[in-house]
Amino acid sequence: MSDMHENKFQLFLRAGCALAVLAALNACGGSSGNGAGSAAGPAPVAEAPRYLVGGTVNGLVSGAQVVLSNGTDKLTVTANGAFSFASKLAAGASYEGKIESTSAGLGCSIAHGAAIVGNADVSALAVRCLPTVLAGVQETIQNVSGMVQDAAGNYYIADTVRQVIHKVTPAGALSVYAGISGKPGADDGAAGAATFYMRSGISILGIDRAANLYVADNCNALLRKITPAGVVSTVAGQRRAACESSAPAAVSADGQGEQAQLGWTTGMAVDGNGDILLADAANQVIRRVTPAGLVSSEKLVDGKGFRVSASQLAVDASGKIYFSEGAGFRVFRWQQGVAILVAGGNKPVSADGKGSAAGFRNIRGMVADRDGNLLLADVASLRRVTPDGDVTTLVGGTVTDAAGVSADWTSLNSLLLEASGSLIVHDLGKHRLNRFDTAKVLSAMPFMPGNMGVSEGVGAAARVGYVRSSGMCSDPAGNVYLLDMGNKVLRRVTPDGTLSVYAGIAGQAGSNDGPRASATMRGPVAIACDQDGAVYFADQAAATGSALNLRKISKDGQVSTQEALPISTLKPLDYRLAIDKDGYMAWLGWGKDGIFRRPPGGTFSAFVSFESLMRSLGSTDYSWEYIDPASLVFDSKGNLYFDDAEHQVVFKADRTGKANIFAGTLNKGNGGDGAPGVGGLLFSGAPSLAVDAGDNLYLSGQGWIRKIDTAGVISTPALAWGHPDISILAFGNGTLYGFTTQAVMQTPLP
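Just so you know, the numbering used here puts 62 at position 61 of the sequence shown, and the rest follows in order with no gaps.
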């Protein structure tokens with residue numbers, strides 16, 4: 002090859018190599034510019050893994066739902082089983098599962114609801130749902146302590162248990178008109194945010210011609226007003242803690258507004274001028290309060306110069322004032338500063354007649370009709386008294402209505418005269434409202450028909466009767482036991498809501514041991530459930546006398562008498578029984594001897610001395626009556642807890658019997674949350690203690706249920722059953738049980 006051809010060939014090869022290199026650079030994302038090449042771009046970053054948060058739901062019934070949230074999402078669950086929230090969370094993120102809402106009548110709790118996401122999906126949230134009513138019927142109106150009606154036909158009812166004023170429309174729609182259910186207080190303002198602290202006064206509600214409602218707020222010692230626009234204000238009185246055991250003696254003082262001091266009101270009426278009349282039986286006066294809040298007093302003196310006290314009040318159309326005396330046997334007319342006897346005598350007898358020849362058993366309700374006659378609720382009868390003192394029985398007792406139907410009343414109290422002339426009367430014993438119309442025919446009011454009594458059944462078909470504070474316990478399987486003291490049997494409610502007789506024979510008294518179905522009880526007074534499924538109860542040892550025996554119903558249903566119980570040195574008002582997981586038993590006979598304890602296999606001996614406890618509190622004027630536990634409970638470590646409404650605290654006694662204040666502030670029932678000495682226990686209702694699996698205490702009788710942790714810190718939890726009025730508490734199978742009027746309630750705990 003010639004030199005020229007060889008040079009051309011070399012140039013060709015060099016050009017080809019250059020093109021190949023350029024192509025390779027372009028393929029790799031390179032480019033040329035100013036003779037310099039650029040570096041390769043960053044590699045893409047892999048996305049961090051994210052995880053689902055969820056768990057399981059159980060206990061939902063057909064058609065029910067629970068709405069859950071985790072701080073990011075909300076999820077509606079309508080079936081039992083697994084669930085997951087839509088959004089995924091990265092490892093290390095926190096979450097908090099909550100119950101947002103549930104279907105009516107359903108209560109749910111969530112366990113393992115808050116944690117940190119790890120490196121896997123979360124499936125630990127455990128949602129448990131239960132019907133809030135296990136057996137019986139939960140009454141919306143828990144108590145009637147006064148009824149009025151406005152010109153539009155609406156009824157207003159003072160409920161001193163729930164601390165609210167109910168409203169019932171002419172169509173029967175029932176709602177809370179004023180107050181917050183279960184929350185005592187004295188806050189003025191909008192009706193739905195205002196609070197009251199009422200106690201039963203039979204008739205503590207009045208209404209004027211402008212439809213203003215007046216409430217005798219006895220525990221606050223105030224007269225309150227609710228306008229038709231729904232605004233609550235205080236008309237008169239200095240607020241004081243009138244229902245606390247440490248409250249000073251009531252002082253009655255006249256004056257304007259808050260300068261006046263009001264006593265305990267048992268009856269109320271409003272006259273034609275709009276003045277509010279209050280019966281103050283303790284001070285033997287009638288207090289008159291003008292609409293502007295000026296308070297004055299009228300001393301009640303009869304024609305012989307003797308003082309008399311007033312219980313119920315009525316004002317007739319002409320302005321005449323009538324009152325029943327405190328004992329409820331006589332009716333007087335207040336006339337020119339003198340109490341003139343209209344009818345009745347000095348003995349509690351029901352007798353028609355005129356003047357002093359007539360008799361009353363106990364007048365608990367009084368209204369005046371348009372003709373000037375008085376209409377009275379007298380224990381089990383409606384009575385009429387003419388202005389000249391002629392007394393007749395309208396219905397009740399042996400007198401039937403126009404249809405021949407017996408009233409079957411037991412304990413009448415509040416009374417309302419409708420504009421139509423019909424009477425509405427409340428029977429406390431039957432928990433029922435009846436109308437007695439102008440045709441003299443009785444009928445039940447549909448919003449309060451009366452669900453008292455006992456009948457076996459399931460859920461709402463059952464009637465649970467009346468249970469005293471020491472008469473309920475629960476076993477580890479979630480069976481609830483109720484002492485029916487009157488019928489001398491023990492009833493059981495199973496977890497599915499079935500109520501039946503568990504032991505004893507209804508109406509048959511005795512002390513026979515043996516199989517529970519044939520064993521008999523003489524007078525059971527207290528009950529306790531152990532951790533093995535056995536039930537213990539204190540039973541009268543004989544038909545007469547105060548001796549009591551401890552008896553046991555084993556898990557397999559055998560009843561046996563264990564031993565005689567210590568007898569109190571004074572007649573008891575009530576009894577308490579408790580047993581811990583190791584078999585230690587506590588017994589209280591409400592006497593000055595205090596609490597007794599029995600070790601496993603041993604006998605009862607003195608354990609907690611109330612006298613010593615009072616001295617440790619610094620009392621110099623000791624009285625054993627000042628300590629009055631309503632319940633006894635053990636924790637898992639064998640510590641014994643008991644409440645004391647007198648001192649507004651909960652005590653804790655260790656295994657040696659040394660007792661100290663565990664929760665609350667001595668003699669200060671402020672109702673606030675907090676540690677011992679800061680938090681307060683109000684004791685506004687029936688107190689009862691229960692202890693859960695984590696040794697947390699739950700206490701009723703505080704308006705809303707209070708929780709006390711293992712350090713004695715008080716809180717007010719949002720329990721799934723809401724805020725019913727609970728008189729007895731028990732715990733079993735992860736569930737808190739509560740007895741309220743006519744129903745056994747339940748709420749799952751986390």
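Heads up, the beta-carbon is just placed ideally off N, CA and C, and yes, glycines get one too.
Inset, instruction - Note down, one range per segment and in chain order, each beta strand (DSSP E) of at least 3 residues found wholly within the region 245-287. - result: For the region 245-287, whole beta strand (DSSP E) runs of length 3 or above, ordered along the chain, are 268-271, 277-281.
Inset, instruction - With distances taken Cα to Cα, identify the nearest neighbour of residue 112 among 59, 148, 74, 121. - result: Within the sequence shown, the letter at position 111 stands for residue 112. It is 59 whose Cα lies nearest to the Cα of residue 112.
Legend entry - Residue range of the beta strand (DSSP E) that includes residue 606: Against the sequence shown, residue 606 aligns to sequence position 605. Residue 606 -> beta strand (DSSP E) spans 606-609.
Legend entry - Contact set for residue 295: own chain, Cβ-Cβ below 6 Å, skip 5 residues either direction: One-based indexing of the sequence shown puts residue 295 at position 294. Answer for residue 295: 257, listed in chain order.
Inset, instruction - If I'm right that residue 507 touches residue 490 with Cβ under 8 Å, what's the distance once you round it to whole angstroms? - result: As a working mapping, residue 507 is identified with position 506 in the sequence shown. As a working mapping, residue 490 is identified with position 489 in the sequence shown. Residue 490 and residue 507 do touch by the CB rule: their CB atoms are close to 5 Å apart, below 8 Å.
Inset, instruction - Specify the secondary structure class of residue 449 as computed by DSSP and reduced to three states. - result: Residue numbering aside, residue 449 sits at position 448 when the sequence shown is read from its first letter. Of the three classes helix, strand and coil, the one that applies to residue 449 here is coil, per DSSP.
Inset, instruction - Kindly list the residues whose CB is nearer than 7 Å to the CB of residue 433, restricted to its own chain and excluding five residues on each side of it in sequence; keep chain order. - result: Residue numbering aside, residue 433 sits at position 432 when the sequence shown is read from its first letter. Cβ neighbours of residue 433 beyond the five flanking positions: 445, 449, 450, 451.
Legend entry - Rounded separation between residue 273 and residue 377 - CA only: Within the sequence shown, residue 273 is the residue found at index 272, counting from 1. Within the sequence shown, residue 377 is the residue found at index 376, counting from 1. Between residue 273 and residue 377, the C-alpha separation is close to 21 Å.
Legend entry - Status (buried if at least 16 other CB within 10 Å, exposed otherwise) for residue 606: Numbered from 1 along the sequence shown, position 605 holds the residue referred to as residue 606. Counting Cβ neighbours within 10 Å, residue 606 comes out exposed, since fewer than 16 surround it.
Inset, instruction - Flag residue 369 as yes when its Cβ comes closer than 7 Å to any non-hydrogen atom of the ligand PLP, and as no otherwise. - result: Absence of the ligand PLP from the depicted structure is noted, as is the absence of any ligand whatsoever, leaving it without description.
Legend entry - Which of helix, strand or coil DSSP assigns to residue 1: Since the first and last residues shown for the chain are 2 and 751, residue 1 lies out of range.
Legend entry - Helix, strand or coil at residue 20 [DSSP, three-state]: Locating residue 20 in the sequence shown gives position 19, counting from the first residue. Bear in mind that a pLDDT of 38 at residue 20, under 50, signals an unreliable position, so the number given afterwards is only what the model happens to contain. When DSSP states are grouped into helix, strand and coil, residue 20 belongs to the helix group.
Inset, instruction - Classify residue 406 as buried or exposed, calling it buried when 16 or more other Cβ atoms lie within 10 Å of its own Cβ. - result: As a first step, residue 406 is located in the sequence shown; it is residue number 405 there, counting from the start. Classification for residue 406: exposed.
Legend entry - Residues of its chain near residue 730, where Cβ-Cβ distance is below 6 Å and the 5 sequence neighbours each way are ignored: Translated into the one-based positions of the sequence shown, residue 730 becomes position 729. If the five residues before and after residue 730 are omitted, its C-beta is found closer than 6 Å to the C-beta atoms of 689, 691, 699, 701, 739, all from its own chain and listed in chain order.
Inset, instruction - Output yes or no for whether 8 Å exceeds the beta carbon distance between residue 578 and residue 525. - result: For the purposes of this step, residue 578 is identified with residue 577 of the sequence shown, where counting begins at 1. For the purposes of this step, residue 525 is identified with residue 524 of the sequence shown, where counting begins at 1. Against a cut-off of 8 Å, the Cβ pair of residue 525 and residue 578 comes out as no contact.
Legend entry - Runs of beta strand (DSSP E) wholly within the region 33-108 (minimum 3 residues, chain order): The region 33-108 contains these whole beta strand (DSSP E) runs: 54-59, 67-70, 75-78, 82-85, 95-97, 99-103.
Inset, instruction - Mark residue 245 as exposed unless 16 or more other C-beta atoms lie within 10 angstroms of its C-beta, in which case mark it buried. - result: By 1-based counting over the sequence shown, the position of residue 245 is 244. Classification of residue 245: buried, given that the 10 Å Cβ count is 16 or more.
Legend entry - Every unbroken beta strand (DSSP E) within the region 187-237, with a cutoff of 3 residues, ordered by chain: Those beta strand (DSSP E) runs which fall completely within the region 187-237 and span 3+ residues are 206-208, 214-218, 223-227, 232-237.
Legend entry - Coil, strand or helix - residue 359 by DSSP: If you number the sequence shown from 1, residue 359 lands on position 358. Collapsing the DSSP output to three states places residue 359 in coil.
Legend entry - Cα-Cα separation between residue 435 and residue 397, rounded to whole angstroms: Within the sequence shown, numbered from 1, the residue matching residue 435 stands at position 434. Within the sequence shown, numbered from 1, the residue matching residue 397 stands at position 396. When the Cα atoms are used, residue 435 and residue 397 turn out to be separated by approximately 12 Å.
Inset, instruction - Indicate the three-state DSSP secondary structure (helix, strand or coil) for residue 738 in the structure shown. - result: Position 737 of the sequence shown, counting from 1, holds the residue named residue 738. Residue state, collapsed to three classes: strand.
Inset, instruction - Determine the DSSP secondary structure at residue 627, reduced to helix, strand or coil. - result: For the purposes of this step, residue 627 is taken as the residue at position 626 of the sequence shown. Residue 627: helix per DSSP, three-state reduction.
Inset, instruction - With a threshold of 16 other CB atoms inside 10 Å of the CB of residue 480, please say whether the residue is buried or exposed. - result: Counting from one through the sequence shown, the residue named residue 480 turns up at place 479. Counting Cβ neighbours within 10 Å, residue 480 comes out buried, since at least 16 surround it.
Legend entry - Beta-carbon contacts of residue 683 that lie in its chain and below 7 Å, excluding the five residues immediately before and after: Your numbering for residue 683 matches position 682 in the sequence shown. Cβ within range, chain order: 185, 670, 672, 703, 704.
Legend entry - Cβ neighbour criterion (16 or more within 10 Å) applied to residue 266: The residue labelled residue 266 in the question sits at position 265 within the sequence shown. Per the 10 Å Cβ criterion, buried.
Inset, instruction - Tell me residue 429's beta-bridge partners as DSSP assigns them. - result: As a working mapping, residue 429 is identified with position 428 in the sequence shown. The partner list for residue 429 (beta bridge, DSSP) is empty, contrary to what the question assumes.
Legend entry - Given 8 Å, three or more beta-carbon pairs between the region 384-402 and the region 345-355: Enough Cβ pairs lie closer than 8 Å, so yes.
Inset, instruction - Could you have a look at residue 29 and say whether DSSP puts it in helix, strand or coil? - result: Locating residue 29 in the sequence shown gives position 28, counting from the first residue. Because residue 29 sits at a pLDDT of 43, beneath the cut-off of 50, its placement in the model cannot be relied upon, and the point is left open.
Legend entry - Host beta strand (DSSP E) of residue 532 (start-end): As a position in the sequence shown, residue 532 is number 531, starting the count at 1. Judged by DSSP secondary structure, residue 532 falls outside any beta strand (DSSP E); it is assigned neither H nor E.
Inset, instruction - Measure from the alpha carbon of residue 55 to the alpha carbon of each residue in 61, 92, 96, then state which is nearest. - result: Numbered from its first residue, the sequence shown carries residue 55 at position 54. If we check each option's Cα against that of residue 55, 96 comes out closest.
Inset, instruction - Spell out the partners DSSP gives residue 661 in its beta bridges. - result: Along the sequence shown, one-based indexing puts residue 661 at 660. 653.
Legend entry - Secondary structure of residue 542, DSSP reduced to three states: Walking along the sequence shown from the start, residue 542 turns up at place 541. Coil at residue 542, not helix or strand.
Inset, instruction - Find out if the Cβ-Cβ distance for the pair residue 300, residue 285 is shorter than 8 Å. - result: Looking up residue 300 in the sequence shown gives position 299. Looking up residue 285 in the sequence shown gives position 284. One thing to note: residue 300 has its Cβ within 8 Å of the Cβ of residue 285.
Inset, instruction - In the DSSP assignment, find the unbroken beta strand (DSSP E) run with residue 158 in it and report its ends. - result: In the sequence shown, counting from the first residue as 1, residue 158 sits at position 157. Element bounds for residue 158: 156-160.
Legend entry - Limits of the unbroken beta strand (DSSP E) element including residue 394: Working through the sequence shown from its first residue, we reach residue 394 at position 393. Counting along the chain, the beta strand (DSSP E) containing residue 394 begins and ends at 391-397.
Inset, instruction - In angstroms with no decimal places, state the Cα-to-Cα distance between residue 652 and residue 619. - result: Residue 652 sits at position 651 when you count from the first residue of the sequence shown. Residue 619 sits at position 618 when you count from the first residue of the sequence shown. About 15 Å.
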